[in-house]
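Residues 257 to 301 (our numbering) are what the sequence shown spells out, left to right. Virtual Cβ for every residue (Gly too), placed ideally from N, Cα, C. Just so it is clear, the structure is predicted and the values come from calculations on it, not from any experiment.
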Amino acid sequence: MNSITDFVTIISKILTMKNIFLYTISFKIAPHFIFLLFSCTPSPD
């Protein structure tokens with residue numbers, strides 16, 4: 257039982273670290289990606 261909780265805490269720590277990493281990347285990339293998305297999509301006429 258204790259090993260399962262330790263496993264869960266380790267996984268949650270890894271996930272939070274990954275989320276922080278992904279958030280920082282997404283905040284850096286998101287503006288460029290949105291700009292590309294809008295520039296690539298044909299404007300509705």
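When you compare only the Cα positions, how much space is there between residue i and residue j?
i	j	result
Lys274	Ser268	10 angstroms
Thr265	Phe277	18 angstroms
His288	Thr261	40 angstroms
Ser295	Phe283	19 angstroms
Ser259	Thr272	20 angstroms
Ile290	Ile270	28 angstroms
Leaving out the 5 sequence neighbours to the left and right, which residues in its chain are closer than 7 angstroms to residue i when beta-carbon positions are compared?
i	result
Leu292	none
Considering only residues of the same chain and omitting the five flanking positions on each side of residue i, which have a CB-CB separation below 6 angstroms?
i	result
Ala286	none
Phe263	none
Please list, in chain order, all residues of the same chain as residue i whose beta carbon is under 8 angstroms from its beta carbon, the five residues on each side excluded.
i	result
Ile281	none
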